[in-house]
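A short write-up of the structure that comes next.
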Amino acid sequence: MTISTQAPLAIGFHRNAVSRVRQARAVRIVFKATTWFFDPYRPELHYMRGPGPKWREKHMRQGPI
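Numbering-wise (UniProt numbering), the sequence shown opens with residue 1 and increments by one.
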């Protein structure tokens, strides 16, 4: 009867690889959550409400067609 010494090493390697994948996923989730919470881009602050007074001044000179 031969005893294989590679099976425990393969299982240990697999466990380490799985734990590294889980750690990478956890880091990715934390990173996405922090960027979502602290994202400096706020589109509502840059919302344009329409043409401003300079546009009206320029286009009202032409008169109605």
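Each residue gets a CB set at the ideal place from its N, CA and C atoms; glycine is no exception.
Model, not experiment: these values are computed from the prediction.
For residue 43, the secondary structure class from DSSP, reduced to helix, strand or coil, is helix. Taking a C-beta distance under 9 Å as the contact criterion, residue 59 and residue 53 do not qualify as a contact pair. For residue 61, no alpha helix (DSSP H) segment is defined, and its DSSP state is neither H nor E.
Taking the Cα positions, residue 29 is about 14 Å away from residue 20.
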